[in-house]
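Protein chains in written order, with the numbering used here: chain E, 1 to 121; chain L, 1 to 971.
Glycine included, every Cβ here is placed at the ideal spot set by N, Cα and C.
Below is one structure; the comments refer to it alone.
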């Protein structure tokens, strides 16, 4: 992508910062997804990417394109809105499935049952 | 209207009427008849108005470019002969329509009848007016098809079905032979244009391929005109409604064969082969038909065999190789059409009024039906060749020719003369049976119905035709002669001989023969009357094996041969079929590519970006994982498949193909969801504890084949893409997209404008695929183990049952409550996105396809989260209608450019002022894209519906009781 030479340094720094924060949060979330032990622990980690991670990238994008086109560009807010709205759906359905598996599956129990959760994958 | 444009109107009118008639309500008998009659009358008027253009050997031509690059043109040509036929087709067609209005009962579905009849008229006009032989063969087959539909009109009776099938098989096969013959003829001449072919007679007759061409063409003509040994289909075709018989089996369909013989007479005749083949077929048909006609007990059967006999006469005359005989043949074509059409209609009236066609029961109808009786008597007299009738004139000409014909074998000339007299006697006998047996004698008292004279206008067609028979017979010079001359000139041109149509030639030998035949016939009838009446159907002495051979062949082909072939060459197993397909493809590809230079240009490894390489690595891992997991964990395989698709999608973005990326993304989502829905119905995998050596080796074989095929395909793609591109059409598109297509999104302009016709074909295929999937799934029978509801649903139902406060099926919607509410919220946004993508398509990434897919996915999401029932209680998508609407919209846009004199699917661009929004670019291709949009939504939704409805319908299976839930829910 072409970098516009007219972009002032402070703005470029700000944009880079937003972008990096977003990327770092997403990366953290991904590592969490990889490293955490049980399903119900892991289900939380991607939300890092979908909430503040997305927010950082969206903010960077708004700043960058607003500066580039010298008008307010806020299309990206829609991305944030839709990601925020839809992520819970995915997670909820996933959680439902796992709950079902734990309740009626052969080996394990769901949290909230008397025995300690042993869900491991 | 110029002569040329009236030609195309003439052909188009009946087809137009056919479409109109098909869409009228089924009880609109009068409106149907009005439409059909008006169009037939209009066509007749056009034909009559064209007479001045074709009189004196004039020819009207019309050539419309069709595929000019291949030298194909839609070519119409009308000379005197074609004019005569067009007159018969439209004139008798009109009379038949009038007659059918009264004949068809109100319970019959008349739109179908009139629609087929008009379409047949159009096809028949196409045959006689074609200026191109291939086109002629096309219309020829079309007449076979429509006659099949017409004969099988009362398809609830077995006789109609069998008769229709036999007629179609015989005439259709003959049509194929004809096409072959025409191809040979075109090869000899170098052109399929009739004008060129007709001018190349000498070259054709001298060519070594003359005999094969002749044989094939004769096969076509003889099957169509029911010549021996193919005559047996015509009597069976009498299961058709009588107007159909009156039209097809007197004036049109069966005349197509002799039309062709006469049409190609200047080119093919004049040789020994022509003489022997055509004369032999004509002569045997002539005598055999007349002989068999005598022994029929069914009125229409008698007429059918008489038709066969008269067609034989025409064939014989055309086979005699003398111009004057050809004149007689052409004359008899007209005469036979007039008297036979009226006789069929009279037979129809008798059937209609008495309820039977059996001549053993019909007697003395003269009292009840005096006018019909008179008309039928006159027409039969024409059929028998009584003097002062038109049939007499052509018969006299035949007798004269039979006496004067010169053959290498004098014995044959003698035989011809005797055969002619015998035929005359037989004709008199069967005509007498028709007249004397049915109308005279004491009135029958055991008829199913009390006969009355039919309505005035039902009789009118017969009156008109009989009047024509009489006028032609009494004053031929004033009535028919100029028209006959026109027709004869169309065939013979310069070679038109001198002939005279005088009624009285003096006491000549032919007249003696005529009189002898007549008195002989009357005497023989008087002797044989009782014998003929008391027989069962069918002739003595002759047993025809044609039909038997036909039936045997049919059984052999469709059963005895097909079964073992199916058992040996076919497999029901999907795996085996796929294996065969892949292996054959591999072999063919190897054979084609063997020895090709596969050297690669040096690859610049540093040009590969590490980011993309990573994406590809992930994609490849996903793909291999999907293939591996497909065996053990289908769901995981599906998810991995999605991963591979996303890698492709990212690749498209990387290489600046946003359109492709967008489409790929949408397709990926839709297919994943649909496959997911399908997973439930796959049979469970049989878990085998340990696999045998055989199984292992089979899997190894499959793996090797899969790797070779996949690797080969990938390698080929890679090779093609690494070659330097030749200067392709791409630059043209880039340059013209805006200037001619009016869009800056080249992909979309290509899709909806430059290659619009391709897209039209593709969306049609898409619609067909969706309909096929739907049709297949409608009768879907799942594997026994997957009939039961899924475990989750059963557990939920059990949970509901255990709690008294919960109605059954209550907990699942509750589980999905929050997701479904959120998805409902998203639906307007998704719909807006779909419309946005669609609207901006012409200039930015998007378009009808992506937009349609987006809307379809939005709908799928509602189905998934809300449930099939919830969604359909609110919005019942009539997917088939969307598909139809889309196709119509696209086609109408394409056709719309015709109105402005541009080729199909030409796009028009302009800026349109819209209030509030200002000037907006608008291309007519947008309307085409609307069609694409609708169709994609419809097709995807139909697939979804087909799958979604599986889970709410009750499956019947062996041993598994249908769940009570579904039955309750169904009601």
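By DSSP's assignment, residue 65/L forms a beta bridge with 73/L. A contact is defined here as three or more CB-CB pairs under 8 Å, and the stretch 40-53 of chain E fails this definition with respect to the stretch 70-77 of chain E. The Cβ atoms of residue 254/L and residue 225/L lie closer than 9 Å to each other. Our two residues, residue 23/L and residue 135/L, have alpha carbons roughly 28 Å apart in a direct line.
For the pair residue 829/L and residue 662/L, the Cα-to-Cα distance works out to about 17 Å. For the C-beta of residue 826/L, the chain E residues within less than 8 Å are, from N- to C-terminus, 82, 85 and 86. According to DSSP, residue pairing for residue 60/L in a beta bridge involves 78/L. Annotated as distal: residue 352/L and residue 304/L, with beta-carbon spacing of 9 Å or more.
Contact annotation for residue 819/L against chain E: 89, 92 and 93 [CB-CB distance below 7 Å, chain order].
The contact set of residue 96/E on chain L, defined by CB atoms closer than 7 Å, consists of 815 in chain order.
Neighbourhood of residue 100/E in chain L, by CB distance below 7 Å: 792, in chain order. A buried status is given to residue 291/L, since no fewer than 16 other beta-carbon atoms sit within 10 Å of its beta-carbon. In the pairwise beta carbon analysis, the stretch 15-35 of chain L is classified as not touching the stretch 53-68 of chain L: fewer than three pairs are separated by under 8 Å.
When only Cα atoms are considered, residue 324/L and residue 279/L end up about 15 Å apart. Between residue 84/L and residue 51/L, the alpha-carbon positions lie close to 9 Å from each other. Exclusion of the five residues before and after residue 622/L leaves 640, 643 and 644 as the residues of its chain whose Cβ lies within less than 6 Å of its Cβ. DSSP, read as helix, strand or coil, puts residue 481/L in helix.
Residue 317/L and residue 329/L have their C-alpha atoms roughly 5 Å apart.
Among the bridge pairs identified by DSSP, residue 130/L is matched with 76/L. Contact fails between the stretch 414-423 of chain L and the stretch 339-347 of chain L, because fewer than three Cβ pairs, one in each stretch, are under 8 Å apart.
Shown here for residue 104/L: same chain residues with a beta carbon closer than 8 Å to its own, the five before and five after excluded, namely 29, 110, 113, 241 and 243 in chain order. Shown here, residue 358/L sits in a strand according to DSSP, grouped into three states. For residue 52/E, not one C-beta of chain L is nearer than 9 Å to its own C-beta. Leaving aside the five residues that flank residue 653/L on each side, the residues in its chain whose CB is nearer than 8 Å to its CB run, in chain order, 661.
For residue 823/L, the neighbours in chain E by C-beta distance under 9 Å run, in chain order, 86 and 89.
Per the Cβ contact rule, the stretch 227-242 of chain L is not in contact with the stretch 199-207 of chain L (fewer than 3 Cβ pairs under 8 Å). In the pairwise beta carbon analysis, the stretch 454-469 of chain L is classified as touching the stretch 87-107 of chain L: at least three pairs are separated by under 8 Å. In its chain, beyond the 5 residues on either side, 785 have a beta carbon closer than 6 Å to the beta carbon of residue 684/L. Residue pairing by DSSP places residue 298/L opposite 358/L in a beta bridge. Rounded to whole angstroms, the Cβ separation of residue 326/L and residue 265/L is 6 Å, and the two are in contact under 8 Å. For residue 370/L, the enclosing alpha helix (DSSP H) stretches over residues 370-384. Of all alpha-carbon atoms in 475/L, 235/L, 217/L and 234/L, the one lying nearest the alpha-carbon of residue 261/L is that of 217/L. By alpha-carbon distance to residue 247/L, the top candidate from 270/L, 369/L and 143/L is 143/L. Buried is the label assigned to residue 357/L, since at least 16 other Cβ atoms lie within 10 Å of its Cβ. Under the 9 Å criterion on CB atoms, residue 947/L is classed as non-interfacial with respect to chain E. Within the same chain, Cβ atoms closer than 6 Å to the Cβ of residue 151/L are found at 163, 164, 167, 237 and 240, the five residues on either side in sequence being excluded.
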